[in-house]
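Going down the list, the protein sequences come from chains A and B.
Here this note's numbering is used: the first residue of the first sequence is 1124, the next is one more, and so on.
Here this note's numbering is used: the first residue of the second sequence is 17, the next is one more, and so on.
Here a beta-carbon is modelled for each residue, glycine too, at the ideal position from N, C-alpha and C.
A quick write-up on the structure given underneath.
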Amino acid sequence: MEDLKKFRELFLSFQIDAVGPEVKACLDRGTAPKAFLACCQECMEEVGGKFDTGEYYLPELVVAGEMFKDVSERIKPLLKTGDSTSTGTLVLGTPQGDIHHLGKDIFKVLAEASGFTVHDLGVDVPAASFVDKVEATGATILGMSALITAAFEPMGEVLRLLDEKGLRQMVRVIIGGGVTTREMADRIGADAQTRDAYEGLKIVRTFTGTGE
Amino acid sequence: MIGQPGKKIYPKDTMTAEERLEAVVRLEQPDRVPLSMMLYYYNPFHTEHSMSEYMSKPEVYRQVSRKVYEDLGPWDMYYNINPISRLLYSYAMMMRYLYPGIELPDNVMAQVDEIEYMKPEDYDAILEQGTTFNDLRFRMRMLPRFCKDAEGVHPARLWPTLARDFIRQKRFWKNDMNWCREKGLVMQIGMQAEMPFDLFSMARTIVPFSLDLFQRPDKIRRAALRLAPSFAEFMIWVARLMGTPRVQCYCHRTSNSFISPRQFEELVFPSLEEIVCRIIDAGMTPILHCDGDWLKNFKVLRRLPAKKIILQLDGLTDIYKAKEAIGDHMCLFGDVSAEKLALGSPDEVDETCHRLIEEVGKGGGFILAGGCEIPYNAKPENLKAMTKSVYKHGYYTEQQAVQVQVPLPKAT
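Structure, rendered in structure tokens:
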């Protein structure tokens, strides 16, 4: 990891423009692509930890996620089979009636950086599409994000459809977004609720046994 | 003072709504807690009108909102949106709105489609342009980039349409104001707009703006500060013209749910202070619409003039903690949650309102309201419970306290 010391420093001091050239320099020096993934994930953990304690805020989390994405794209073609493993599979989207995507997108970046395979259905997603995707991918986690109360009913509808199709026992459901509450999650029968993308990540990691 | 409704809302009241509002802004104890219902998208569902008709025909909007007041009122403050033109509304809010009946199905709420319409070089353009009307010029330059009704139109050609819509808007608000006077209500808004920092955040969108915060923080600060004087002066001018001495300043992206207290202090506060102080100096009340969690910003916010500002919270700031942290400095406005109004029961709503009135309303300086706008799917019986709560629990003195069994007077 000595090779990656400078990369790590640049990443953790958010020197966005310097990270890409350093990746190239490290690869030219022969650093294994797999080592980048491990280093990036460690950096994300550190940023996430500081976000958790209130030292960092959303921009740090978003910028770290963007740097992670950038590094991943650079090294993806160089990875060998078996270099990366999925932590879990999740289906994500904003339910019908709501087109907000901000929180969902931040959560997606964090989940991918944490090793999850994410199937993002986008916004204004009909209830049946969530359920079909869960069925088709065998995802064990379903995340729905909303910023307006118009999404309450469609979220409930997704839970009802999962029940109807006999899938409810196989998938953990988390709802997120500024308008959601724990009480609301209980009302519709979701397993968890959050208003914070990083907390959401910690919750889904507990679902897969990869978190605290 | 602009506008002086003289009618009392309840027979028990000893103050008019305007006097009550002025008292709570000064953090004095009025006769009872005032109530604001920020009703917009809820209204057409209540009266079973289509959302598209409600949003495109000001006469329908007027008819619908008055019917809702008759059914669910009375309250003290009238939330006067009535956006007669999408162009004008986009100018104020600087967001791309998709409208029911146009881009969206007929009966859904309008939605904000966040697109990146501002580029990093636009900060430079702001800093390079002169100071006269620069907020106005900046907004006009941006409008064709995001507003559906301005796409492809040269900014210079937008002026006549905007001016025409502005005159129409004034006419409708004037009519609303006359109605408010008859009922004894006060108009909530003389003018409303997205604050410069928040505008940049929306216009750049979350990821590019987060990168900007690291790559060009000083440009953000200076550009916001450069726009601040003309932003404030235009807001004041419109509010004067509309005859309502309150300016609603939207701070959608300034909370600690997004940026750090340090970023708030260094990048946001200078322009926010400039704007707020100019509004106050003009004899008006700034209403800071503070979405997200603001608790850690309150220490800096206390540098603003005391007893002059209304602070609207949206459920993400703990209003009880806000009372402790800044309740002796600013009037608090909120904060019955959307979730409670949409899914709770009237008893739950009453309980929430009662606690807010007792704890946040203690000693004055409080306006009972929803957290942000009332949700479109609020239950009418919950809104009625909210209305009744200020009558049941909101009077400050024993003599004025009203027994629960006393029937509530009709709104009309």
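Within 8 Å, strictly: CB atoms of residue i and residue j
| i | j | result |
| --- | --- | --- |
| residue 16/B | residue 306/B | This structure cannot settle anything about residue 16/B, because the visible part of chain B is limited to 17 through 428. |
| residue 301/B | residue 41/B | yes |
| residue 1262/A | residue 1212/A | yes |
| residue 47/B | residue 407/B | no |
| residue 435/B | residue 206/B | The structure shown does not extend to residue 435/B, since chain B spans only 17 to 428, so no value can be given for it. |
| residue 1239/A | residue 1268/A | no |
| residue 243/B | residue 393/B | no |
| residue 1226/A | residue 1320/A | yes |
| residue 200/B | residue 25/B | yes |
| residue 1180/A | residue 383/B | no |
| residue 357/B | residue 335/B | no |
| residue 1237/A | residue 1210/A | yes |
| residue 315/B | residue 272/B | no |
| residue 137/B | residue 220/B | no |
is_contact[residue i, chain B] using C-beta, thresh 8 Å
| i | result |
| --- | --- |
| residue 1348/A | Residue 1348/A is absent from the model: chain A starts at 1124 and stops at 1335. |
| residue 1275/A | yes |
| residue 1306/A | yes |
| residue 1310/A | yes |
| residue 1316/A | no |
| residue 1189/A | yes |
| residue 1139/A | yes |
| residue 1134/A | no |
| residue 1143/A | no |
| residue 1181/A | yes |
| residue 1296/A | no |
| residue 1186/A | yes |
Closest Cα partner of residue i within the set the options
| i | options | result |
| --- | --- | --- |
| residue 146/B | 393/B, 73/B, 245/B | 245/B |
| residue 1337/A | 1157/A, 1267/A, 1185/A | The question about residue 1337/A has no answer here: the residues shown for chain A are numbered 1124 through 1335. |
| residue 90/B | 67/B, 49/B, 73/B | 49/B |
| residue 99/B | 187/B, 39/B, 265/B | 187/B |
| residue 1308/A | 1332/A, 1240/A, 1274/A, 1321/A | 1274/A |
| residue 1302/A | 1318/A, 1296/A, 1242/A | 1318/A |
| residue 1202/A | 1320/A, 1285/A, 1154/A | 1154/A |
| residue 71/B | 88/B, 313/B, 103/B, 52/B | 103/B |
| residue 1304/A | 359/B, 398/B, 405/B, 30/B | 359/B |
| residue 94/B | 296/B, 272/B, 221/B, 198/B | 198/B |
| residue 1162/A | 1175/A, 1132/A, 1140/A | 1132/A |
| residue 251/B | 279/B, 210/B, 270/B | 210/B |
| residue 404/B | 389/B, 367/B, 295/B, 388/B | 367/B |
| residue 231/B | 1128/A, 1139/A, 1129/A, 1127/A | 1139/A |
| residue 1233/A | 1282/A, 1270/A, 1165/A | 1165/A |
| residue 1183/A | 343/B, 223/B, 303/B, 309/B | 223/B |
| residue 1116/A | 1266/A, 1313/A, 1130/A | This structure cannot speak to residue 1116/A, because chain A is shown only from 1124 to 1335. |
Test: residue i CB closer than 8 Å to a CB of chain A
| i | result |
| --- | --- |
| residue 252/B | no |
| residue 127/B | yes |
| residue 392/B | yes |
| residue 162/B | no |
| residue 130/B | yes |
| residue 275/B | yes |
| residue 124/B | yes |
| residue 79/B | no |
| residue 272/B | yes |
| residue 106/B | no |
| residue 223/B | yes |
| residue 349/B | no |
| residue 231/B | yes |
| residue 66/B | no |
| residue 359/B | yes |
| residue 101/B | no |
| residue 428/B | Per-residue confidence for residue 428/B stands at a pLDDT of 44, beneath the threshold of 50, marking its modelled position as unreliable; no derived number is given. |
| residue 332/B | yes |
| residue 226/B | yes |
beta-carbon residue i near the ligand ZN non-hydrogen atom, thresh 7 Å
| i | result |
| --- | --- |
| residue 1163/A | Of ligands this structure carries none, so the ligand ZN is not represented either. |
Runs of beta strand (DSSP E) wholly within the segment 228-273 of chain B (minimum 3 residues, chain order)
The segment 228-273 of chain B contains these whole beta strand (DSSP E) runs: 262-267.
Three or more C-beta pairs closer than 8 Å, one from the segment 104-111 of chain B and one from the segment 199-216 of chain B: is that the case here?
Output reads yes: the segment 199-216 of chain B touches the segment 104-111 of chain B.
How about the segment 136-151 of chain B and the segment 227-239 of chain B: do they share at least three Cβ pairs that are nearer than 8 Å?
Short answer: they touch.
How do the segment 372-386 of chain B and the segment 1284-1294 of chain A stand: do at least 3 beta-carbon pairs fall below 8 Å, yes or no?
The answer is no - the segment 1284-1294 of chain A does not touch the segment 372-386 of chain B, with fewer than three Cβ pairs under 8 Å.
So, does the segment 1131-1146 of chain A touch the segment 1183-1198 of chain A, judging by three or more C-beta pairs under 8 Å?
Yes: at least three Cβ pairs fall under 8 Å.
3 or more residues per run - each beta strand (DSSP E) lying fully within the segment 303-366 of chain B:
Unbroken beta strand (DSSP E) runs of no fewer than 3 residues, entirely contained in the segment 303-366 of chain B, are found at 326-329, 347-352, following chain order.
Do the segment 153-162 of chain B and the segment 1235-1249 of chain A touch if we need at least three Cβ pairs shorter than 8 Å?
Counting Cβ pairs under 8 Å, fewer than three are found: no touch.
For the segment 112-125 of chain B against the segment 62-78 of chain B, do three or more pairs of beta-carbon atoms, one drawn from each stretch, fall closer than 8 Å, so that the two count as touching?
Contact holds: three or more Cβ-Cβ distances are below 8 Å.
Every unbroken beta strand (DSSP E) within the segment 1191-1245 of chain A, with a cutoff of 3 residues, ordered by chain
Qualifying beta strand (DSSP E) stretches, in chain order: 1211-1216, 1239-1243.
In chain order, which continuous runs of the beta strand (DSSP E) of length 3 or greater are located wholly inside the segment 186-222 of chain B?
Taken in chain order, the complete beta strand (DSSP E) segments of 3 or more residues contained in the segment 186-222 of chain B are 207-210.
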